[in-house]
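Student: Attaching a single structure in structure tokens format; questions to follow.
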Amino acid sequence: MNQKTLFHKAEIKKRYLERSRERSIKLKSHLIESYEQFLNQSLSSTLLKGKETLLSLKNRLIKELKLNLYILIKERIENNYSDYIAYLLKSIQNAKFAIDKPQEIELKFNSKDYNYFIKNFDIIVDLFKNPVEINKDQHDFIGGFKISLTGGFISYDYTIDNLIDKKSSFIQMEISKIINDAEIKGIENEFENFIQKQKEKISEYLRYYEQIQF
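In the working numbering, the protein residues as written are 223 to 436.
Given below as structure tokens:
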């Protein structure tokens with residue numbers, strides 16, 4: 223085999239090794255890119271699902287807590303109706319200072335309270351200096367009352383249902399004590415560390431792959 227032939231074969235082998243190295247680099251880059259993309263998608267998906275699950279859990283607990291409050295208050299009203307009426311009259315007394323003026327004053331109650339006060343209307347009349355009327359609200363509620371002034375142009379909602387809704391921020395704070403956001407964040411950080419370690423591992427595997435060449 224002459225020198226020209228040997229040189230030609232050496233050139234062929236050199237070009238083959240160069241192409242092989244190029245393919246290896248491209249393959250490595252592709253694998254790293256694909257794997258990192260997969261890990262990042264997994265991370266985003268997991269964090270999103272975690273936050274959605276947390277939010278769903280909080281909302282469900284808040285809803286259940288509010289429902290339990292409704293049930294508890296309703297039972298207390300039924301078992302201590304006279305005390306509830308006293309509370310109602312005191313609440314009306316506190317509200318009258320802002321509304322007891324020469325205008326159309328209308329108090330709206332739920333069915334049970336309306337039936338009580340229509341039979342004891344003098345109790346309501348004695349609270350006001352100006353004329354007042356009472357009616358049954360079209361929407362039944364647990365307790366409390368609504369005030370309508372000047373034909374409905376001005377209204378106030380003193381229902382227990384509305385009071386519970388206004389206290390929802392407090393309820394959310396209580397729920398947050400049960401579900402600690404810091405713990406959820408800790409889990410997220412652990413998963414992020416896991417993702418980073420997986421990225422480092424794939425780089426190690428590919429460096430080992432580069433060493434296996436023919």
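Every residue gets a Cβ at the ideal spot worked out from N, C-alpha and C, and that includes glycine. Here the structure is a predicted model, which means the values were calculated and not measured.
Would you grab the beta carbon distance between I307 and Y338 for me? Rounded to a whole angstrom, and I think it's under 8 Å.
Tutor: About 7 Å separates the two Cβ atoms, so the contact holds.
Student: Provide the residue(s) that pair with S333 in DSSP beta bridges, ordered along the chain.
Tutor: Looking at the DSSP assignment, S333 forms no beta bridge with any residue, so it has no partner.
Student: Could you say which of N384, K358, V354 lies nearest to K318 if we only look at CA atoms?
Tutor: Minimum Cα distance to K318 is reached at V354.
Student: Sorted by chain position, which residues of the same chain lie with C-beta nearer than 6 Å to Y378's C-beta, five sequence neighbours on each side aside?
Tutor: Same-chain partners within the cutoff: I369.
Student: Check the C-beta distance from G366 over to L385 and give it rounded, since I have them as a contact under 8 Å.
Tutor: With a Cβ gap of about 7 Å, G366 and L385 count as contacting.
Student: Could you tell me which residues DSSP puts in a beta bridge with V347?
Tutor: None, per the DSSP bridge assignment.
Student: Can you check which of these residues, L294, S390, E326, K419, is closest to N281 by C-alpha distance?
Tutor: Per the Cα distances, S390.
Student: Taking DSSP's pairing of strands, which residues face L385 in a bridge?
Tutor: Partner(s): none; L385 has no beta bridge.
Student: I'd like the list of long-range same chain contacts for N332, defined as Cβ closer than 6 Å, with 5 residues on each side in sequence excluded.
Tutor: Excluding residues within five positions, the ones whose Cβ falls inside 6 Å are D362, F363.
Student: Starting from the C-beta of I299, find all residues in its chain whose C-beta is less than 8 Å away, skip the five residues before and the five after it, and write them out in chain order.
Tutor: Cβ within range, chain order: Y306, I364, G365.
Student: For the beta strand (DSSP E) that K358 lies in, which residues bound it at each end?
Tutor: Where K358 is concerned, the enclosing beta strand (DSSP E) stretches over 354–358.
Student: Alpha helix (DSSP H) containing Y306: first to last residue?
Tutor: Where Y306 is concerned, the enclosing alpha helix (DSSP H) stretches over 303–321.
Student: According to DSSP, I376 sits in a beta bridge with which residue or residues?
Tutor: Answer is L371, bridged to I376.
Student: Is I364 helix, strand or coil when you go by DSSP?
Tutor: Residue state, collapsed to three classes: coil.
Student: Is the beta carbon of L311 closer than 8 Å to that of I190?
Tutor: Shown here, the chain extends from 223 to 436; a query on residue 190 therefore has no answer.
Student: Please indicate yes or no: does the CB of N415 lie closer than 7 Å to some heavy atom of the ligand HEM?
Tutor: The ligand HEM is not among the ligands present in this structure, which contains no ligands whatsoever.
Student: So, are the CB atoms of K341 and D359 less than 8 Å apart?
Tutor: Not in contact: K341 and D359 (Cβ atoms no closer than 8 Å).
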